[in-house]
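For reference, the structure discussed in these notes is given below.
Numbering (full-length UniProt numbering), first residue to last: 1 to 371.
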């Protein structure tokens with residue numbers, strides 16, 4: 001809605017034109033391994049080129065562009081809303097929101113959604129740890145990118161003795177077959193209280209050693225509670241500790257009460273956590289969704305608690321409205337009639353005595369979560 005493109009070289013709306021992206025020649029996409037910019041000036045990670053992308057990082061963290069600067073950039077796009085610049089593709093389009101008088105002074109024009117970030121980060125982690133086909137970020141092309149960058153020679157493609165075929169050596173973040181079984185069994189046997197989460201065990205495929213069909217809220221529960229417990233003993237300590245720190249960050253940033261001191265602490269800690277992940281995972285792992293984690297704490301300083309700004313309430317209510325559609329030729333009328341019938345039934349249910357309704361139905365599981 002803000003008009004900034006979320007694809008390509010400048011896909012981060014908070015960094016703007018100072019987004020530090022790197023094109024991967026073999027994976028054919030951009031990666032965002034630039035989180036050392038948010039560290040202290042004398043931090044040792046800034047000068048450790050071999051463990052990161054092969055370069056030293058001396059730049060400071062980019063500052064979000066002000067509304068005045070954004071409007072100045074939009075002047076060259078012409079008066080037609082949504083038209084691209086004739087000189088070439090630009091990351092901006094002129095959104096209708098910029099016609100509002102206060103939009104120039106709006107401090108939070110890009111409300112980064114935690115729900116989608118948590119979902120994509122969880123999919124990246126699980127797909128890479130379990131080495132799932134088409135979901136892992138560590139594949140043949142990712143190893144070729146490491147060779148081009150001249151980093152992590154341990155993960156370069158190896159040649160089989162007596163033949164010219166190459167293979168991928170096992171990385172420290174990949175689980176063995178036994179570790180996958182133990183990891184999935186823990187998640188398979190989880191019993192959560194009623195209305196806490198859906199049945200996550202249905203997504204665990206023990207025979208195929210993979211996870212399928214995770215929804216956004218499933219990933220939220222995994223990142224908040226379950227993943228940090230399930231990976232203990234299944235991965236080396238240097239890998240599991242970093243993932244546990246990331247899970248702890250999501251849990252704290254999604255808490256109901258936030259204060260400025262905690263947000264400043266989280267802002268500095270998550271930069272170190274992402275840098276630790278850069279030392280472990282391949283460059284293709286760091287999509288723009290992983291990069292946006294660095295901005296969550298700073299946006300919480302302006303926008304307040306996450307619960308008032310994420311998409312769960314909107315997505316669930318949209319699903320409810322879609323369920324009212326019976327005649328697809330006239331969806332608006334179906335939604336209006338379905339909404340009216342739903343409200344009338346809810347009103348009548350309040351006066352039914354001795355009948356089990358959605359308001360007095362007993363819960364099935366009242367105990368705390370059991371693993």
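Every residue gets a Cβ at the ideal spot worked out from N, C-alpha and C, and that includes glycine.
- Task: Determine the burial state of residue 102: buried for a count of at least 16 other Cβ atoms within 10 Å of its Cβ, exposed for fewer.
- Result: exposed
- Query: If we call anything under 9 angstroms between Cβ atoms a contact, is residue 338 one with residue 321?
  - Reply: yes
- Which residues mark the beginning and the end of the alpha helix (DSSP H) in which residue 119 is found? 114-129
- Neighbourhood of residue 256 by C-beta distance below 8 angstroms, restricted to the same chain and skipping five residues each side: 305, 307
- Helix or strand or just coil, what does DSSP make of residue 9? coil
- So, is residue 131 buried or exposed, given that buried needs 16 or more other C-beta atoms within 10 angstroms? buried
- Item | residue 254, DSSP secondary structure in three states | coil
- In terms of residue numbering, what span does the beta strand (DSSP E) encompassing residue 31 cover? 29-31
- Please go through the same chain and pick out, in chain order, the residues whose beta-carbon is closer than 8 angstroms to the beta-carbon of residue 53, but skip the five residues on each side of it. Around residue 53: 22, 33, 149, 151, 278, 283.
- In whole angstroms, what separates the C-alpha of residue 44 from that of residue 161? Rounded to whole angstroms, residue 44 to residue 161 spans 39 angstroms at the Cα level.
- Query: Quick one: what's got a C-beta closer than 6 angstroms to residue 246's C-beta in the same chain, skipping five residues either side?
  - Reply: 273
- Item | Buried or exposed by the 16-neighbour rule on C-beta atoms within 10 Å, applied to residue 259 | exposed
- Less than 9 angstroms separating the beta-carbons of residue 211 and residue 235? no
- Task: Leaving out five residues on either side along the sequence, give the residues of the same chain with a beta carbon under 7 angstroms from the beta carbon of residue 68.
- Result: The answer, listed in chain order, is 104.
- Relative to the C-alpha of residue 129, which residue among 204, 111, 169, 175 is closest? It is 175.
- Answer yes or no: do residue 64 and residue 14 have a C-beta to C-beta separation smaller than 9 angstroms? The Cβ atoms of residue 64 and residue 14 sit closer than 9 angstroms to each other.
- Task: For residue 16, I'd like the list of residues in its chain whose CB is within less than 6 angstroms of its CB, leaving aside the five on either flank, ordered along the chain.
- Result: 65
- Task: Within 10 angstroms of the Cβ of residue 30, are there 16 or more other Cβ atoms? Answer buried if so, exposed if not.
- Result: buried
- May I ask which residues mark the beginning and end of the beta strand (DSSP E) holding residue 22? 22-24
- Item | Spatial distance of residue 119 from residue 97 (CA atoms) | 28 angstroms
- Item | Rounded straight-line distance, which links the Cα of residue 323 to that of residue 329 | Cα-Cα distance, rounded: 15 angstroms.
- Query: Can you name, in chain order, every residue of its own chain whose Cβ lies under 6 angstroms from the Cβ of residue 292, other than the five neighbours on each side?
  - Reply: 112, 117
- Using only alpha-carbon positions, find the residue among 124, 216, 224 that is nearest to residue 288. 124
- Message: Closest to residue 205 by C-alpha separation, out of 276, 193, 189, would be which residue?
- Response: 189
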